[in-house]
DNA sequence: AATGAATGAGTCTTCATTCAT
DNA sequence: GATGAATGAAGACTCATTCAT
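Below, the structure written as structure tokens:
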């Protein structure tokens, strides 16, 4: 008796995510030098199997990245939509992003590592740029609003934005680089926020 | 009649730096995916020539990185040795490092890109770790001194250090990623410094 | 449905020996100039396949040589262990070695051809030297014993030994050099033995 | 004032033989793996110079081999032409050839090493075959004559010939293989001759 | 006549991808 | 759905050969 359709579907889903998880780990470890063979081995499947789930290695990588983008979007959206003053929303978003990087450095590492290759498929490149654009716009907007309400420091909002993006990217990498060997003093969000928020003087 | 000894040395020096410069550009662009063929092509020499100057591709890469480390050391040493209070020295060093990244993002990009490969030759890895250690120790020291004099904000000095390193790394990457296509609002050093320096109230 | 474990092992064994056999032929023909591409072609497989069986070309070569050493050891051991007077054992061993060279000149040719390269991996060099040493010691011993019993001619046993080794090596080469084109009058063992054995006078 | 024609000629001759001597040494050492660069270095000249004297590497090699063939011919001719019974002439020739190999193993080694490559230029191959043929014919003839006079042992003269050639080739190689490291007990000619000459009973 | 920097074809090796089972 | 043997294109590296000086 053949497996039911549903059971098959279930197996497919599970195998696919096992492969993706393995890919994430290997990309984080090896960057562009990740090989399909190693991904398969780490996932405990045969060399050929990934090709039943992803047409090519690039497709597998694309899927990996889009999962990350999707997670980020969700988390960003939530922080954004949950009310409060611009400064509060900014604070929540930044805290959120810093925490994400503290918790899963390997996820962001996979992301950045993979992006190194300048040979990204056009479609993926597009997605990433779009996603980054969305995040940047949201943050940029919050910064300006926050400056208007006096919650955020003055200064060129574009430069502030870039400084924020820079530290976020830096934290992704540093978190990972050390996570394996030594304990790293991952900074608390409030240290980062100090760059942006005005001193609140409690009388 | 053969060339004079001096003429040959001159040629060799020039060719070597043409190859190194080309390597820097290609590594910045392609990261670990840089090929010797492309480096050679960009330098306008044959595929085989780099091997008369550097025994292997890794050796070429090592030479590239060590040049960067050397430049950085010099510049850091200068900022450090030129007197003033801890806070002033810290300010000078950070400003210096930020400016370096604004001026030659492609240099630091080559640096980080290449480091992604987890397959660095042991010797080079050692040098890099040592260099990083030296920089970290210096900064860490300044932070503590600055906290003592009240010039630098309070908080776990290790976390402050990591935040600083993170933003420096992030600026390297971001500077590059955008430099080619769009104009990016590279943040001024004082934005970064705000994370660390206490508000100086002018009466 | 995947192949059974046993079927795979079978395939691997067969492919490995097809590659080794091809390597033997090509080394015999080309010596150090043998290329992996040609070995693969002669074995009827793709260029890359040998690397799934032998890590490097050297490893493939090593495997080839060790097979030969192993065969030789077996055959030598047998000749040695099967009793009789020293002269008889010596006669059997030499006959055996001459016959081996008549039967498979291409095997010994591969052996010598490959050894020409002065760039042998240390481990292999070691094995070969050890093996040669063993053979030499055995023969040397037999020569001295044979001289004691009066079966073997007098004279410096070391010189006798070298003369024997020389003719064996020479036969390997000559057998091969001609086997392809002309019929060669491969000498019978007794011609060689005449160098060493005393005339037995039948009354 | 330009050099005189004669002086130039002199220089050319000397340089050419320095290169040839170096080539002989390097071929003996490295076999087919000998490189022009190494030959030039050992000769103390620039990489390009050999090409002013020999059109190609093969041409250089050909010249090397032909020198060896020429030397051998001379020496063989002398041994042959100097009178005596067939057995005596045979004895002289063999002694001569053995001694040559004892004295200059590296010369014969270069010869054999180079021949490994089955990619010999047709012309050279021809020369070598012809030369070998000449030597073989001479020896073959002497063997038959010696058998007729009862000086040389009975048996298939072709097989005797091959045995002789084999030991000569073997001695070339063995002489060299050991000459560098250990003292080898190079056999005296009379040991070799025992294969061929009848016992002479002195009453 | 001599030099050595430069070239580029050829070789080893890796790895994404296919396919018979 | 899964396996792993096999393929072949691409990249690192070597070395015979050329050429400006």
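Protein chains in written order, with my numbering: chain Y, 446 to 648; chain G, 446 to 648; chain V, 446 to 648; chain W, 446 to 648. For glycine and all other residues, C-beta sits at the position ideal for the given N, C-alpha and C.
How do the segment 449-468 of chain G and the segment 603-617 of chain Y stand: do at least 3 beta-carbon pairs fall below 8 Å, yes or no?
-> no
At what residues does the alpha helix (DSSP H) containing residue 649 (chain Y) begin and finish?
-> Nothing can be reported for residue 649 (chain Y): it is not among the residues displayed for chain Y, which extend from 446 to 648.
Classify residue 494 (chain G) as helix, strand or coil using the three-state DSSP reduction.
-> Counting from one through the second chain, the residue named residue 494 (chain G) turns up at place 49. In the structure shown, residue 494 (chain G) sits in coil (DSSP, three-state: anything other than H, G, I, E or B).
Exposure of residue 462 (chain V), with buried meaning 16 or more beta-carbon neighbours within 10 Å | Locating residue 462 (chain V) in the third chain gives position 17, where the first residue counts as 1. Within 10 angstroms of the beta-carbon of residue 462 (chain V) lie fewer than 16 other beta-carbons, which makes it exposed.
Pull up the distance between the alpha-carbon of residue 586 (chain Y) and that of residue 521 (chain Y), whole angstroms please.
-> Position 141 of the first chain, counted from the start, is the residue given in the question as residue 586 (chain Y). Position 76 of the first chain, counted from the start, is the residue given in the question as residue 521 (chain Y). C-alpha separation (whole angstroms): 14 Å.
Under a Cβ-count criterion, where at least 16 other Cβ atoms within 10 Å of its own Cβ denotes burial, should residue 628 (chain W) be classed as buried or exposed?
-> For the purposes of this step, residue 628 (chain W) is taken as the residue at position 183 of the fourth chain. Its Cβ having fewer than 16 others within 10 Å, residue 628 (chain W) is exposed.
Any chain G beta carbon closer than 8 Å to residue 630 (chain Y) = Residue 630 (chain Y) sits at position 185 when you count from the first residue of the first chain. Chain G contact via Cβ: present.
Going along the segment 577-604 of chain Y in order, which residues come within less than 9 Å of chain G, judged by CB to CB distance?
-> 598, 600, 601, 602, 603 and 604
Counting pairs of Cβ atoms below 8 Å between the segment 506-519 of chain V and the segment 500-513 of chain W, do you hit three or more?
-> no
Are residue 605 (chain Y) and residue 641 (chain Y) closer than 8 Å when you measure CB to CB?
-> Counting from one through the first chain, the residue named residue 605 (chain Y) turns up at place 160. Counting from one through the first chain, the residue named residue 641 (chain Y) turns up at place 196. Cβ atoms of residue 605 (chain Y) and residue 641 (chain Y): closer than 8 Å.
Please look up how many angstroms separate the CB atoms of residue 518 (chain W) and residue 576 (chain W), rounded, as I've assumed it's under 8 Å.
-> Here residue 518 (chain W) refers to the residue found at position 73 of the fourth chain. Here residue 576 (chain W) refers to the residue found at position 131 of the fourth chain. Correct: roughly 7 Å between the Cβ atoms.
Residue environment, residue 477 (chain G), which counts as buried when at least 16 other CB atoms sit within 10 Å = By 1-based counting over the second chain, the position of residue 477 (chain G) is 32. Classification for residue 477 (chain G): buried.
Euclidean distance between Cα positions of residue 547 (chain V) and residue 619 (chain V) = Working through the third chain from its first residue, we reach residue 547 (chain V) at position 102. Working through the third chain from its first residue, we reach residue 619 (chain V) at position 174. Going from the Cα of residue 547 (chain V) to the Cα of residue 619 (chain V) covers about 10 Å.
Quick one: what's got a C-beta closer than 7 Å to residue 634 (chain Y)'s C-beta in the same chain, skipping five residues either side?
-> The residue given as residue 634 (chain Y) occupies position 189 in the first chain. So the list reads 539, 540, 543 and 544, once near-sequence residues are dropped.
Taking 8 Å as the CB-CB cut-off, is residue 514 (chain G) touching chain Y?
-> Residue 514 (chain G) sits at position 69 when you count from the first residue of the second chain. No, its Cβ sits nowhere closer than 8 Å to a Cβ of chain Y.
Residue 570 (chain Y): first and last residue of the uninterrupted alpha helix (DSSP H) it sits in | Translated into positions along the first chain, residue 570 (chain Y) becomes position 125. Here the alpha helix (DSSP H) through residue 570 (chain Y) covers 567-594.
Report all residues from its chain with a CB closer than 7 Å to the CB of residue 596 (chain W); omit the five preceding and five following residues, and keep chain order.
-> Your numbering for residue 596 (chain W) matches position 151 in the fourth chain. The answer, listed in chain order, is 530, 531, 532, 642 and 643.
Best match in W:464, W:475, W:459 and W:638 for proximity to residue 555 (chain W) [C-alpha to C-alpha] | Position 110 of the fourth chain holds residue 555 (chain W). For residue 555 (chain W), the nearest C-alpha among the options comes from W:475.
Proximal residues, the segment 473-493 of chain V versus chain W, C-beta separation under 7 Å | 474, 475, 476, 477 and 478
Pull up the distance between the alpha-carbon of residue 527 (chain W) and that of residue 527 (chain V), whole angstroms please.
-> Position 82 of the fourth chain, counted from the first residue, corresponds to residue 527 (chain W). Position 82 of the third chain, counted from the first residue, corresponds to residue 527 (chain V). Approximately 50 Å between the Cα atoms of the pair.
Buried or exposed: which applies to residue 495 (chain G), given that a residue is buried once 16 or more other Cβ atoms fall within 10 Å of its Cβ?
-> Position 50 of the second chain holds residue 495 (chain G). Buried, since its Cβ has 16 or more Cβ neighbours within 10 Å.
Is the Cβ of residue 528 (chain W) closer than 8 Å to any Cβ of chain V?
-> As a first step, residue 528 (chain W) must be located in the fourth chain, where it is residue number 83. It does not: the Cβ of residue 528 (chain W) has no partner Cβ on chain V nearer than 8 Å.
Span of the alpha helix (DSSP H), counted from its first residue to its last, around residue 471 (chain W) | As a working mapping, residue 471 (chain W) is identified with position 26 in the fourth chain. Run containing residue 471 (chain W): 450-475, per the alpha helix (DSSP H) assignment.
Distance, Cα to Cα, residue 569 (chain G) vs residue 502 (chain G)?
-> By 1-based counting over the second chain, the position of residue 569 (chain G) is 124. By 1-based counting over the second chain, the position of residue 502 (chain G) is 57. Those two C-alpha atoms are separated by around 13 Å.
Would you tell me roughly how many angstroms separate the C-alpha atoms of residue 524 (chain V) and residue 472 (chain V), rounded to the nearest one?
-> Indexing the third chain from 1 puts residue 524 (chain V) at position 79. Indexing the third chain from 1 puts residue 472 (chain V) at position 27. Computed Cα separation, rounded: 28 Å.
Count the other CB atoms, across all protein chains shown, that sit within 10 Å of the CB of residue 458 (chain Y); report buried if there are 16 or more and exposed otherwise.
-> Looking up residue 458 (chain Y) in the first chain gives position 13. Exposed: under 16 other Cβ atoms inside 10 Å.
Closer than 7 Å: residue 477 (chain W) CB and nearest the ligand MN heavy atom = This structure simply doesn't include the ligand MN, nor any ligand for that matter.
Which listed residue (Y:632, Y:552, Y:593 and Y:480) has its alpha carbon closest to that of residue 515 (chain Y) | Counting from 1 along the first chain, the entry for residue 515 (chain Y) is found at position 70. Closest by alpha carbon: Y:552.
How would you label residue 482 (chain G), buried or exposed, when you count the other beta carbons within 10 angstroms and need 16 or more for buried?
-> Counting from 1 along the second chain, the entry for residue 482 (chain G) is found at position 37. Under this definition residue 482 (chain G) is an exposed residue.
Consider the Cβ of residue 640 (chain W): report whether some Cβ of chain V lies at a distance smaller than 8 Å.
-> The count along the fourth chain starts at 1 and reaches residue 640 (chain W) at position 195. With 8 Å as the cut-off, residue 640 (chain W) counts as an interface residue toward chain V.
Taking the C-alpha atoms as reference points, what is the distance between residue 580 (chain V) and residue 449 (chain G)?
-> What you label residue 580 (chain V) is simply residue 135 of the third chain in a count that begins at 1. What you label residue 449 (chain G) is simply residue 4 of the second chain in a count that begins at 1. C-alpha of residue 580 (chain V) to C-alpha of residue 449 (chain G): approximately 58 Å in a straight line.
Using a Cβ cut-off of 8 Å, pull out every chain Y residue sitting near residue 610 (chain G), in sequence order please.
-> The residue labelled residue 610 (chain G) in the question sits at position 165 within the second chain. Under the 8 Å cutoff, chain Y gives 615 and 619.
Below 8 Å on the Cβ atoms is my guess for residue 479 (chain Y) versus residue 464 (chain Y); work out the distance and round it to an integer in Å.
-> What you label residue 479 (chain Y) is simply residue 34 of the first chain in a count that begins at 1. What you label residue 464 (chain Y) is simply residue 19 of the first chain in a count that begins at 1. Actually they are not in contact, since the Cβ atoms of residue 479 (chain Y) and residue 464 (chain Y) sit about 12 Å apart, beyond 8 Å.
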